[in-house]
Amino acid sequence: MAKNVGIVAIDIYFPPTCVQQEALEAHDGASKGKYTIGLGQDCMAFCTEVEDVISMSLTVVSSLLEKYGIDPKQIGRLEVGSRAVIDQSKSIKTFLMQLFETCGNFDIEGVDSVNACYGGTAALFNCVNWVESNSWDGRFGLVVCADTAAYAEGPARPTGGAAAIALLIGPDAPIAFESKFRGTHMTHAYDVYLPNHGSGYPVVDGKLAHSCYLKAVDACYKHFCQKYEKFERKQFFVAEADYFVFHSPYNKQLRKSFARLLFNDFLKDASYLDEASKEIFAPFAHLSEVESYGSRDLEKAAQQVAKPFYDAKVQPTTLLPKQVGNMYTASLYAAFISLVHNKHSSLAGQRAVMFSYGAGVTATMFSVKFNEGTFPFCLSNIAAVMSVDKKLKSRHEFAPEKFVETLHQMEKIYRAKDFMTSKDCSLLAPGTYYLTEVDSMYRRFYARKDKEGSSKNGNNANGH
Ligand code: ACO
422 MAKNVGIVAI DIYFPPTCVQ QEALEAHDGA SKGKYTIGLG QDCMAFCTEV
472 EDVISMSLTV VSSLLEKYGI DPKQIGRLEV GSRAVIDQSK SIKTFLMQLF
522 ETCGNFDIEG VDSVNACYGG TAALFNCVNW VESNSWDGRF GLVVCADTAA
572 YAEGPARPTG GAAAIALLIG PDAPIAFESK FRGTHMTHAY DVYLPNHGSG
622 YPVVDGKLAH SCYLKAVDAC YKHFCQKYEK FERKQFFVAE ADYFVFHSPY
672 NKQLRKSFAR LLFNDFLKDA SYLDEASKEI FAPFAHLSEV ESYGSRDLEK
722 AAQQVAKPFY DAKVQPTTLL PKQVGNMYTA SLYAAFISLV HNKHSSLAGQ
772 RAVMFSYGAG VTATMFSVKF NEGTFPFCLS NIAAVMSVDK KLKSRHEFAP
822 EKFVETLHQM EKIYRAKDFM TSKDCSLLAP GTYYLTEVDS MYRRFYARKD
872 KEGSSKNGNN ANGH
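In structure tokens, the structure reads:
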């Protein structure tokens, strides 16, 4: 059986177009600091009419295969997680098959997993389970988490974003899953959902979404700790992990969520909490669970106790979620990429606990261990290939007016037919796929900006 199954290579793509949250805040008439301090967001990526979830997925998969020198024949399973599926029947995975057909590899299992922001984690678990199973044929699994998140005018608008991430899954990985430690919480709620396919904008109950997320954090942590205790025969506390990586709708949500873990540890009488922290928590010890979710005083006290732990264990994961926004299925893995980007030289031997959340509600807490040893790609190679700083620095900032105009344009073409795009790929990096046309039968066509920088139009994903 394959050992140390996990992530052996990673790449990320996000659109080169973005809007600064400070400028958007002023444009929307929100009070100064609401988006930047109140929500904790810096910048937000968005697609223009030439990009969508399929083009971003094509870009990130081709980039990963090329940059790491992976022969497409070496992929035996391809799973996609996305909330932004464009077609109700034809999967994004089938579009991606164009990248494998040219080398004659049609023998690739897997389809799309859909449930809000959780689909990427479902896709990841499918791949990890496959490599760990009797049906594994020795090839790599490939997971794609891709989404565009855009909201109607109103309080949720600053919590959009867009990105696609590809994760190569195999044995003997520098990032290995501790597969036995998984705590899941699934239930029914109408927090964020998408009943109206006309606009592509979700219906949001922001306050309910916030409390559903917190309850899921608590429940998953409880189940995760139980699994850890069952297999390791000792209690799990926040101190057992070096980093905590959260699905990040906006930064404030994870500050509050991480603080809940500290409160949970206090209720379990954790010895790593000092007397001063215990005194801060003491007045809240007898609150019922329901009361604890409504207590603003507890929220503040928990964030106060959590602050030094947050700075050490969570802050290194926040770069991309704050800069790119909520990437739905890609959000958790963008936070993870931020950690690898910031700390790759010191991660060996450390543990990261991951919290995946999808509205509706679906959530799992799980963990990975960073391994030392000889791998085809070590953590520093992975950080270099992803070149996060370069990608962030080469973005083009749009004024809020132009961002809003772009969203209006996107509303008109969302699931429309019979139109050509401008094919203007001047802002896209070389090697980026882009949408050229949706014909009268809703068939979508993509081309690739060639690697030297000029554009090639064509009728299929390879631009021929
Ligand atoms: N300066 C500093 N802070 C400010 C300012 C200001 N000028 N104005 C407001 N704030 C703070 C508020 O105090 C509040 O912080 P707090 O919660 O610590 O008190 C925060 O900013 C947000 O302000 P609110 O008025 O409470 O919230 P608002 O009505 O604007 O909505 C919300 C925010 C709910 C996050 C909204 O953007 C939303 O619904 N987003 C989408 C929901 C979502 O993504 N949920 C997550 C799970 S599902 C998923 O990932 C899709």
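In our numbering, the protein residues as written are 422 to 885.
We put the beta carbon where it would ideally sit given N, CA and C, even for glycine.
### Task
For the stretch 718-738 and the stretch 749-766, state whether three or more C-beta atom pairs, one from each stretch, are separated by less than 8 Å.
At 8 Å Cβ cutoff, the stretches touch.
### Task
Give the straight-line distance between the Cα atoms of Asn878 and Thr523, rounded to the nearest whole angstrom.
Locating residue 878 in the sequence shown gives position 457, where the first residue counts as 1. Locating residue 523 in the sequence shown gives position 102, where the first residue counts as 1. With a pLDDT of only 45 at Asn878, under the threshold of 50, the placement of this residue in the model should not be trusted, and no figure is reported.
### Message
Distance check for Lys455 and Val426, CA to CA, integer angstroms please.
### Response
For the purposes of this step, residue 426 is taken as the residue at position 5 of the sequence shown. For the purposes of this step, residue 455 is taken as the residue at position 34 of the sequence shown. Roughly 42 Å separates the two Cα atoms.
### Task
Just mark Val440 as buried or exposed, buried being the case when its beta carbon has 16 or more other beta carbons within 10 Å.
Locating residue 440 in the sequence shown gives position 19, counting from the first residue. When all chains shown are included, Val440 counts as buried.
### Task
Check the DSSP bridge columns for Ser777 and list the partner residues they point to.
To locate residue 777, count along the sequence shown from 1; it is residue 356. For Ser777, which the question treats as bridged, DSSP gives the partners Thr785.
### Query
Counting only runs that start and end within the stretch 814-864, where is the alpha helix (DSSP H) found for 4 or more residues in a row?
If we require 4 residues or more, the alpha helix (DSSP H) runs fully inside the stretch 814-864 come out as 821-834.
### Message
Buried or exposed for Ser709, going by 16 or more other Cβ atoms inside 10 Å?
### Response
What you label residue 709 is simply residue 288 of the sequence shown in a count that begins at 1. Taking a 10 Å sphere around the C-beta of Ser709, we find fewer than 16 other C-beta atoms and assign the residue as exposed.
### Message
What I want to know is whether the C-beta of Tyr649 ends up closer than 8 Å to one or more non-hydrogen atoms of the ligand ACO.
### Response
Taking the first residue of the sequence shown as 1, we reach residue 649 at position 228. No.
#### Entry: contact_flag[the stretch 582-598, the stretch 556-566] where n(CB pairs < 8 Å) is 3 or more
Yes, the stretch 582-598 touches the stretch 556-566.
### Query
Between Leu517 and Val482, which are expected to be in contact by the criterion C-beta below 8 Å, what is the C-beta distance as a whole number of angstroms?
Along the sequence shown, read from residue 1 onward, the residue named residue 517 stands at position 96. Along the sequence shown, read from residue 1 onward, the residue named residue 482 stands at position 61. The pair is a contact, with the Cβ atoms about 6 Å apart (cut-off 8 Å).
### Task
Run the proximity test for Cys538: is its beta-carbon closer than 8 Å to any non-hydrogen atom belonging to the ligand ACO?
On the sequence shown, position 117 is the one that residue 538 refers to. Cys538 Cβ: within cutoff of the ligand ACO.
### Query
For Met807, which of helix, strand or coil comes out of DSSP?
Within the sequence shown, the letter at position 386 stands for residue 807. In the structure shown, Met807 sits in a helix (DSSP, three-state: H, G or I).
### Length at least 4, wholly inside the stretch 440-503: the alpha helix (DSSP H) runs in chain order
The qualifying runs are 442-449, 474-488.
### Query
So is Leu688 buried or exposed if we call it buried at 16+ other beta carbons inside 10 Å?
Counting from 1 along the sequence shown, the entry for residue 688 is found at position 267. Classification of Leu688: exposed, given that the 10 Å Cβ count is below 16.
### Query
Along the chain, where does the beta strand (DSSP E) that runs through Phe702 open and close?
As a first step, residue 702 must be located in the sequence shown, where it is residue number 281. Secondary structure note for Phe702: it is in no beta strand (DSSP E), and the uninterrupted alpha helix (DSSP H) holding it is 696-702.
### Query
What is the DSSP secondary structure of Gly715, reduced to helix, strand or coil?
Within the sequence shown, numbered from 1, the residue matching residue 715 stands at position 294. For Gly715, the secondary structure class from DSSP, reduced to helix, strand or coil, is helix.
### Coarse secondary structure for Ala570, derived from DSSP in three states
Position 149 of the sequence shown, counted from the first residue, corresponds to residue 570. Look at Ala570 here: in three-state DSSP terms it is strand.
### Message
Whether or not the stretch 600-611 and the stretch 629-643 are in contact is what I'm after, with contact meaning three or more pairs of Cβ atoms, one per stretch, closer than 8 Å; do they touch?
### Response
Three or more Cβ pairs drawn from the stretch 629-643 and the stretch 600-611 lie within less than 8 Å of each other, which places the two stretches in contact.
### Task
Closer than 6 Å by C-beta to Pro436: which residues in its own chain qualify, once you throw out the five before and the five after it? Chain order, please.
Within the sequence shown, numbered from 1, the residue matching residue 436 stands at position 15. If the five residues before and after Pro436 are omitted, its C-beta is found closer than 6 Å to the C-beta atoms of Ala466, Cys468, Glu472, Ala583, all from its own chain and listed in chain order.
### Task
Kindly examine the ligand ACO and report whether one of its heavy atoms sits closer than 8 Å to the Cβ of Asn747.
For the purposes of this step, residue 747 is taken as residue 326 along the sequence shown, with counting starting at 1. Relative to the ligand ACO, Asn747 has its C-beta within less than 8 Å of a heavy atom.
### Query
DSSP puts Glu793 in a beta bridge; with which residues?
To locate residue 793, count along the sequence shown from 1; it is residue 372. Its beta-bridge partners do not exist; DSSP assigns none.
### Query
Alpha carbon to alpha carbon, what distance is there between Ala573 and Arg772?
To locate residue 772, count along the sequence shown from 1; it is residue 351. To locate residue 573, count along the sequence shown from 1; it is residue 152. Distance between the alpha carbons of Arg772 and Ala573: 38 Å.
### Query
Quick one: does Gln462 have its CB under 9 Å from some CB of chain C?
This model lacks chain C altogether; it includes just one protein chain.
### Task
Could you tell me the boundaries of the beta strand (DSSP E) in which Thr605 lies?
Along the sequence shown, read from residue 1 onward, the residue named residue 605 stands at position 184. Per DSSP, the unbroken beta strand (DSSP E) holding Thr605 starts and ends at 596-607.
### Query
Among residues of its own chain, excluding the 5 on either side of Tyr749, which ones have a beta-carbon nearer than 6 Å to its beta-carbon?
What you label residue 749 is simply residue 328 of the sequence shown in a count that begins at 1. Arg504, Cys538, Asp568, Ala570, listed in sequence order.
### Task
Report all residues from its chain with a CB closer than 6 Å to the CB of Glu858; omit the five preceding and five following residues, and keep chain order.
Counted from its first residue, the sequence shown places residue 858 at position 437. For Glu858, where only same-chain residues beyond five positions count, the Cβ hits under 6 Å are Met841, Phe866.
### Query
Taking DSSP as the reference, what is the three-state secondary structure of Gly627?
Taking the first residue of the sequence shown as 1, we reach residue 627 at position 206. Helix, per DSSP.
### Query
Can Gln674 be considered in contact with the ligand ACO, in the sense that its beta carbon sits closer than 8 Å to one or more heavy atoms?
One-based indexing of the sequence shown puts residue 674 at position 253. Gln674 Cβ: within cutoff of the ligand ACO.
#### Entry: Span separating the alpha-carbon of Cys846 from that of Pro595
In the sequence shown, counting from the first residue as 1, residue 846 sits at position 425. In the sequence shown, counting from the first residue as 1, residue 595 sits at position 174. Going by C-alpha positions, Cys846 is about 36 Å away from Pro595.
### Task
Report the rounded CA-to-CA distance for Arg816 versus Asp695, giving the unit in angstroms.
For the purposes of this step, residue 816 is taken as the residue at position 395 of the sequence shown. For the purposes of this step, residue 695 is taken as the residue at position 274 of the sequence shown. Each residue's alpha carbon lies about 44 Å from the other.
### Query
Under 8 Å from any heavy atom of the ligand ACO, does the C-beta of Lys453 make it?
Residue 453 sits at position 32 when you count from the first residue of the sequence shown. Yes - the ligand ACO has a heavy atom lying nearer than 8 Å to the Cβ of Lys453.
### Task
Go ahead and pull the three-state DSSP assignment for Leu683.
Residue mapping note: residue 683 aligns to position 262 of the sequence shown, counting from 1. Residue state for Leu683 is assigned as helix, using DSSP reduced to three classes.
### Query
What is the rounded straight-line gap between the Cα of Asn802 and the Cα of Phe702?
In the sequence shown, the residue the question calls residue 802 occupies position 381. In the sequence shown, the residue the question calls residue 702 occupies position 281. Take the alpha-carbon of Asn802 and the one of Phe702: they are about 43 Å apart.
### Query
Measuring from the CB of Glu599, is there a heavy atom of the ligand MN at a distance below 8 Å?
The model on display carries the ligand ACO but not the ligand MN.
### Query
Any idea what DSSP makes of Arg772, helix, strand or coil?
To locate residue 772, count along the sequence shown from 1; it is residue 351. For Arg772, the three-state secondary structure derived from DSSP is strand.
### Message
To test your reading of the DSSP string, which unbroken alpha helix (DSSP H) runs of 4 or more residues are found completely within the stretch 527-556?
### Response
List check, alpha helix (DSSP H) in window: 540-553.
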